[in-house]
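Per the working numbering, the very first residue in the sequence shown carries number 12; after that it's consecutive.
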Amino acid sequence: MFKRFDESEIWDLHNDYFLNRGLKAWSKGEVPYTGISNYFEAFKKAIFFYECLGNLNKELEEIKILELGSGNAEFAYNFLKAFEDIDQKNYFSKLKYTVSDYSQKTLDELQTSKKLDSYKDKVIYLKLDINFQMNEIQDHEYDLIMCNYLLDQLPARVIAKDSLKNEYLEKYISIDLSSSEKIKKIRKQQKFLTLDFQKEIKLDHQIILDSCFRPNRTSTIIYSYGALRAIRRILFKLKVSGIFIASDFNASSKPGLDYFDPCFYGNSLAQAVNFEFICKYFFNEDQETINHKNLTKKEHQFILMYEDPIKPLHTLILTRPDYPKELKLNQAYEKIYKQNVYLRILFRYLVEMKFALMIFLIIFLLIYFFCFFK
Ligand SMILES: C[S@@+](CC[C@H](N)C(=O)[O-])C[C@H]1O[C@@H](n2cnc3c(N)ncnc32)[C@H](O)[C@@H]1O
12 MFKRFDESEI
22 WDLHNDYFLN
32 RGLKAWSKGE
42 VPYTGISNYF
52 EAFKKAIFFY
62 ECLGNLNKEL
72 EEIKILELGS
82 GNAEFAYNFL
92 KAFEDIDQKN
102 YFSKLKYTVS
112 DYSQKTLDEL
122 QTSKKLDSYK
132 DKVIYLKLDI
142 NFQMNEIQDH
152 EYDLIMCNYL
162 LDQLPARVIA
172 KDSLKNEYLE
182 KYISIDLSSS
192 EKIKKIRKQQ
202 KFLTLDFQKE
212 IKLDHQIILD
222 SCFRPNRTST
232 IIYSYGALRA
242 IRRILFKLKV
252 SGIFIASDFN
262 ASSKPGLDYF
272 DPCFYGNSLA
282 QAVNFEFICK
292 YFFNEDQETI
302 NHKNLTKKEH
312 QFILMYEDPI
322 KPLHTLILTR
332 PDYPKELKLN
342 QAYEKIYKQN
352 VYLRILFRYL
362 VEMKFALMIF
372 LIIFLLIYFF
382 CFFK
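Listed below in structure tokens is the structure:
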């Protein structure tokens, strides 16, 4: 039976996997993590946060950090280590880091593993489901909330706009659970069905989503409503001077009807996040181009940037509307931003060069064979 993508059984398999697999998800190499949770990745975030704290110019009593979906806590460990290495203002002694996840099994195994024991007095373990339990923590509590590869775990819909017929469509999926136990190998069928955009999409999302489609071309986008809902809840948990940082893969619009699967790791899935939609939601000004620019406004301030010149890995830094200072890229991120701009230009140039060379080669071969066989 065909179900809407976000209501399909593959999401149940995904949740079962993370709730029950525990630390084996990482130790058996099923979920990749070294590239995204390593010391350097954590260092960039730690120094950014450290400098934001310094810019506040005020005496801090306690510094509270919450990480959601911490998994094997590789990132948490590296963040704490980096912060300790950077610290010259005695902030580290005031720091409390809450490691949270919706999997009690993962949290229990993490505690038993003693991985974070060198920071025992700083770490709090908390079972927290970002979809259902955010009201269990206090509002205006945290100086920093982070999500590393969590937003891509949250429900999303896949919708398309047919530019010729001016109609909207949505991806449906049918899976044959008897075909395999592995989410990647399960037989799947997909189709796009008509979507009543006005009726089925929230009013305040409609214009923003519409602006994410490619103009005058049929295209497909990800409707990351789960990620947006989570971020809105997270912002309530920040102090006025608090900061939210999330890293994830970005889903830009794709030409035509896009039948690509999400990524499958172990028995989980990762659906790249439509950061354009999320940023436009918080910075709703149509004329602005939002990509990779540091935009400031009276309302929410955010920075969205490429972390990698080739892979669509993005980091979003977002504040509450009443954040008291101007949010700026610090030196570490500025360097990466500039480096990536140049590397991206080079990468595109090489891709285009390769394409041009291939065309040249094909023409050359055609002429050669034509002359040879004549
Ligand atoms: C891809 S892993 C990322 C783990 C870690 N943050 C990292 O960077 O390696 C996703 C993690 O999010 C957790 N997770 C998934 N859905 C969640 C939810 N609704 N609420 C809280 N945690 C969730 C999973 O249990 C898993 O530990």
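Every residue, glycine too, gets a C-beta built ideally from N, C-alpha and C. All values reported here derive from a predicted model rather than from experimental measurement.
Confirm, please, whether the CB-CB distance from Ala84 to Tyr50 is below 8 Å.
Locating residue 50 in the sequence shown gives position 39, counting from the first residue. Locating residue 84 in the sequence shown gives position 73, counting from the first residue. Result no, Cβ atoms of Tyr50 and Ala84 do not sit closer than 8 Å.
Kindly list the residues whose CB is nearer than 7 Å to the CB of Gln282, restricted to its own chain and excluding five residues on each side of it in sequence; keep chain order.
Position 271 of the sequence shown holds residue 282. Sequence-distant Cβ neighbours of Gln282 in its own chain, meaning closer than 7 Å and more than five residues away, are Asp163, Ala167, Ile233 and Pro273.
Counted within 10 angstroms of its Cβ, other Cβ atoms place Asp154 as buried (16 or more) or exposed
Against the sequence shown, residue 154 aligns to sequence position 143. Buried, by the Cβ-count rule.
I need the straight-line Cα distance from Glu387 to Tyr88, nearest angstrom please.
Beyond the ends of the chain as shown, which are 12 and 385, falls residue 387; an answer cannot be given.
My output table needs one value for Phe260: the three-state DSSP class, helix, strand or coil.
Looking up residue 260 in the sequence shown gives position 249. The answer is strand: DSSP assigns Phe260 an E or B state.
Is the region 122–136 in contact with the region 168–181, if contact means three or more CB pairs nearer than 8 Å?
These segments do not touch.
Beta-carbon separation (whole angstroms), Leu280 vs Ile21, contact threshold 8 Å:
On the sequence shown, position 269 is the one that residue 280 refers to. On the sequence shown, position 10 is the one that residue 21 refers to. About 6 Å; that satisfies the 8 Å criterion.
Val110 bridges to which residues according to DSSP?
As a working mapping, residue 110 is identified with position 99 in the sequence shown. Paired residues: Glu78 and Tyr136.
Using three-state DSSP, classify Tyr387 as helix, strand or coil.
Residue 387 is absent from the structure shown; the chain starts at 12 and stops at 385.
With burial defined as no fewer than 16 other Cβ atoms inside 10 Å of the residue's Cβ, what is the status of Val251: buried or exposed?
By 1-based counting over the sequence shown, the position of residue 251 is 240. When all chains shown are included, Val251 counts as exposed.
Count the other CB atoms within 10 Å of the CB of Asn227; is the residue buried (16 or more) or exposed (fewer)?
Counting from one through the sequence shown, the residue named residue 227 turns up at place 216. Burial call: exposed.
Can you tell me which of the three DSSP states Asp319 falls into?
Translated into positions along the sequence shown, residue 319 becomes position 308. The answer is coil: DSSP assigns Asp319 none of H, G, I, E or B.
Which residue or residues does DSSP assign as beta-bridge partners of Asp173?
As a first step, residue 173 must be located in the sequence shown, where it is residue number 162. Asp173 pairs with Glu178.
So, is Ile256 buried or exposed, given that buried needs 16 or more other C-beta atoms within 10 angstroms?
Working through the sequence shown from its first residue, we reach residue 256 at position 245. When all chains shown are included, Ile256 counts as buried.
Under 8 Å between the Cβ atoms of Phe313 and Val284?
As a working note, residue 313 is residue 302 in the sequence shown. As a working note, residue 284 is residue 273 in the sequence shown. It is not a contact, given that the beta carbons lie outside the stated cut-off.
Just list the beta strand (DSSP E) runs in the region 153–229, keeping only unbroken ones of 3 residues or longer that don't cross its boundaries, in chain order.
List check, beta strand (DSSP E) in window: 153–159, 168–173, 178–187 and 198–206.
Flag Phe255 as yes when its Cβ comes closer than 7 Å to any non-hydrogen atom of ligand 1, and as no otherwise.
In the sequence shown, counting from the first residue as 1, residue 255 sits at position 244. No - ligand 1 has no heavy atom lying nearer than 7 Å to the Cβ of Phe255.
Closer than 6 Å by C-beta to Ala53: which residues in its own chain qualify, once you throw out the five before and the five after it? Chain order, please.
As a working note, residue 53 is residue 42 in the sequence shown. For Ala53, where only same-chain residues beyond five positions count, the Cβ hits under 6 Å are Phe86, Asn89, Phe90 and Ala93.
Straight-line gap, Gln144 to Tyr113 (C-alpha atoms, nearest Å):
Position 133 of the sequence shown, counted from the first residue, corresponds to residue 144. Position 102 of the sequence shown, counted from the first residue, corresponds to residue 113. Going by the C-alpha atoms only, they are around 9 Å apart.
Ala281 - DSSP class collapsed to helix/strand/coil:
Here residue 281 is taken as the residue at index 270 of the sequence shown, counted from 1. In the structure shown, Ala281 sits in a strand (DSSP, three-state: E or B).
Limits of the unbroken alpha helix (DSSP H) element including Phe288:
Mapped onto the sequence shown, residue 288 falls at position 277. For Phe288, the enclosing alpha helix (DSSP H) begins and ends at Phe286 to Phe293.
Could you give the residue range of the alpha helix (DSSP H) that holds Phe94?
Sequence index remark: in the sequence shown, residue 94 carries index 83 (1-based). Note, Phe94: alpha helix (DSSP H), Glu85 to Ile97.
Measuring straight from C-alpha to C-alpha, what distance separates Gly40 and Leu376?
What you label residue 40 is simply residue 29 of the sequence shown in a count that begins at 1. What you label residue 376 is simply residue 365 of the sequence shown in a count that begins at 1. Gly40 and Leu376 have their alpha carbons spaced roughly 45 Å apart.
How is Leu34 classed by DSSP in three states: helix, strand or coil?
Residue mapping note: residue 34 aligns to position 23 of the sequence shown, counting from 1. Looking at Leu34 - three-state DSSP - the assignment turns out to be coil, as it is neither helix nor strand.
So is the beta-carbon of Asn142 under 7 Å away from any non-hydrogen atom of ligand 1?
As a working note, residue 142 is residue 131 in the sequence shown. Correct: Asn142 has its Cβ closer than 7 Å to ligand 1.
For the beta strand (DSSP E) that contains Phe275, what are its first and last residues?
In the sequence shown, the residue the question calls residue 275 occupies position 264. From DSSP, the beta strand (DSSP E) with Phe275 extends over Cys274 to Tyr276.
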